[in-house]
Structures are given as C-alpha cells and as structure tokens.
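Everything on this sheet refers to the single structure shown next.
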Amino acid sequence: AQTVTQSQPEMSVQEAETVTLSCTYDTSESDYYLFWYKQPPSRQMILVIRQEAYKQQNATENRFSVNFQKAAKSFSLKISDSQLGDAAMYFCAYIGNEKLTFGTGTRLTIIP
Amino acid sequence: DTAVSQTPKYLVTQMGNDKSIKCEQNLGHDTMYWYKQDSKKFLKIMFSYNNKELIINETVPNRFSPKSPDKAHLNLHINSLELGDSAVYFCASSPAGYGLTFFGQGTRLTVV
Chain A
5 AQTVTQSQPE MSVQEAETVT LSCTYDTSES DYYLFWYKQP PSRQMILVIR
55 QEAYKQQNAT ENRFSVNFQK AAKSFSLKIS DSQLGDAAMY FCAYIGNEKL
105 TFGTGTRLTI IP
Chain B
504 DTAVSQTPKY LVTQMGNDKS IKCEQNLGHD TMYWYKQDSK KFLKIMFSYN
554 NKELIINETV PNRFSPKSPD KAHLNLHINS LELGDSAVYF CASSPAGYGL
604 TFFGQGTRLT VV
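Set out below in structure tokens:
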C-alpha cells in the first residue's frame with residue numbers, strides 16, 4: 005500500500021523568507037504523480053503544484069517549487085518570498101492506481 | 504462556474520437521522536470520489552466511481568451509500584448518523600490519466 009509521510013506537523017516562517025516542507029512516500033509503482041495541496045481556513049483544497057514521476061525536472065509554479073528525489077522517495081515543497089496568504093495546511097499527496105493518498109499535513113504559519 | 508460543487512456546505516443533524524450530500528461536476532471527468540477529513544485534518548478516500556461504476560470502496564460502514572445517477576453526479580447518503588460521523592466530507596473529480604484531482608468546497612457535517 006502506498007503511504008505518504010509528512011514529519012513536520014507545524015512550521016513557521018518570517019514573511020518574505022523561504023520555507024521548505026518535507027514529504028516522503030512509499031510505493032512499488034513506477035508511474036505515479038505527486039502533489040502539494042493547500043487548505044486555507046476556508047477549507048477549500050487548492051492544488052499548489054504537481055510532479056510527474058517520470059519527469060526528472062523539478063516542477064515550479066511561481067514562488068512554489070519542489071525537490072523531487074525519486075530514488076529517495078522524497079518530495080519537498082519550497083515556498084520562496086513567503087506571504088501572509090500562504091498561511092494554511094499543506095498536504096502532500098500521491099496518486100498511482102487512481103486513489104489519491106494524503107499525508108497528515110503541515111500547518112504553516114507566516115510571521116509578519 | 505464552480506467546477507465541483509457540493510451541497511449543503513454545512514449540515515447539523517441529530518444522531519440517528521438519515522442525510523444526503525450532493526455533488527456535481529461540470530468538468531466532464533469520468534472519475535468522482537468522496538473523501539472524509541476528520542477532526543485532525545486527516546484526509547482519507549471513502550469511495551471512487553468511474554463512469555457510474557464503483558471502483559474503490561474503502562473500509563467504510565455500510566451506513567454510507569454512494570449513488571451515481573450519471574457520471575457528473577455522485578451523492579452520498581448516510582443512514583443512522585452517529586457522533587463519530589462528524590467530519591468534513593469532500594467530493595472530488597479527476598480525468599483519466601492525468602492525476603489531477605479537483606475538489607469541491609467540502610460539507611461540514613456535525614452530528615449532535
């Protein structure tokens with residue numbers, strides 16, 4: 005069974021600084037996708053970034069980028085120039101056989 | 504135009520009642536899901552339907568019954584509600600082969 009582990013229940017960062025959220029996963033599949041979702045207090049699940057396992061190049065979306073290490077099964081999210089609106093729960097997720105599996109989440113606080 | 508919409512957004516009901524949550528997606532996706540987010544924010548899949556056919560049925564009490572009248576709709580009916588059913592329930596949809604999953608805004612169910 006696939007598992008996703010987020011070892012940091014809470015993180016905080018000064019506004020305008022950079023923060024990295026960790027995620028590891030376990031799978032025997034070779035073809036899969038990894039995601040980071042953001043859940044603000046509104047509870048809406050917002051897709052932040054997606055990585056396809058067969059692509060070696062790390063995905064980036066504006067201030068968000070990932071460090072995908074396939075052999076190590078690691079998928080961390082880097083947020084640059086942190087903004088107050090980045091405060092939220094962040095979930096790492098994996099999908100292989102069409103079932104999205106989530107990590108337990110990291111609550112990110114932005115310090116003004 | 505909301506891509507995945509679910510109603511109601513909030514639902515407060517007494518133990519023992521039967522309630523339904525409705526979900527509709529206008530993205531033309533073949534696959535729809537129900538996820539449950541508990542009080543610790545942990546997200547877990549409950550059901551997955553592909554073109555009205557049940558694909559995934561995780562270990563969920565049989566008081567929960569999904570129904571998909573067509574591929575754009577997936578409703579969740581819950582019988583004999585219990586206090587432990589209190590959670591946020593998310594409907595989601597995805598196209599085949601792309602890994603992307605789009606979520607509704609969630610229904611916060613409170614059983615009193």
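Residue numbers (this note's numbering), protein chains in the order written: chain A, 5 to 116; chain B, 504 to 615. Idealized CB from N, CA, C, for every residue including glycine.
Interface with chain B (7 Å Cβ-Cβ cutoff): Phe106 (chain A) is included. Using a Cβ-Cβ cut-off of 7 Å, Gly587 (chain B) does not count as an interface residue toward chain A, since no Cβ of chain A sits closer than that to its own.
At least 7 Å separates the beta-carbon of Tyr36 (chain A) from that of Leu51 (chain A). Listed along chain B, no residue sits closer than 7 Å to Phe68 (chain A) by beta-carbon distance, the nearest being about 16 Å off.
Around the beta carbon of Met518 (chain B), fewer than 16 other beta carbons lie within 10 angstroms, which makes this residue exposed.
Taking 9 Å as the upper bound on Cβ-Cβ separation, chain A lies near residues Thr534, Tyr536, Tyr538, Gln540, Lys543, Lys544, Phe545, Leu546, Lys547 and Ile548 of the segment 530-549 of chain B.
At least one C-beta of chain B is nearer than 7 Å to the C-beta of Lys103 (chain A).
Chain A has no Cβ within less than 7 Å of the Cβ of Ile524 (chain B). Not one beta carbon of chain A lies nearer than 7 Å to the beta carbon of Gln528 (chain B). Here the alpha carbons of Gly107 (chain A) and Pro511 (chain B) stand approximately 27 Å from one another.
In this structure, the CA atom of Ile558 (chain B) is about 13 Å from the CA atom of Leu577 (chain B). Not a single CB atom of chain B sits nearer than 7 Å to the CB of Tyr94 (chain A). Across the segment 556-570 of chain B, CB contacts with chain A closer than 8 Å involve Ile558 and Ile559, in sequence order along the chain. In its chain, beyond the 5 residues on either side, Ala590 have a beta carbon closer than 6 Å to the beta carbon of Asp541 (chain B).
Residues Val507, Phe593 and Ala595 of the same chain have their beta carbon placed closer than 7 Å to that of Phe606 (chain B), with the five preceding and five following residues left out of the count. Cβ contact annotation for Gly609 (chain B) (same chain, cutoff 6 Å, sequence separation greater than five): Val591 and Phe593, in chain order. The beta carbon of Thr510 (chain B) does not come within 7 Å of any beta carbon belonging to chain A, so the residue lies off that interface. In the structure shown, Leu584 (chain B) adopts coil according to DSSP, grouped into three states. If the five residues before and after Gly109 (chain A) are omitted, its C-beta is found closer than 8 Å to the C-beta atoms of Gln10, Pro13, Gln43, Met93, Tyr94 and Phe95, all from its own chain and listed in chain order. Residues of chain B whose Cβ lies closer than 8 Å to the Cβ of Ile53 (chain A) do not exist; the shortest such Cβ separation is about 12 Å.
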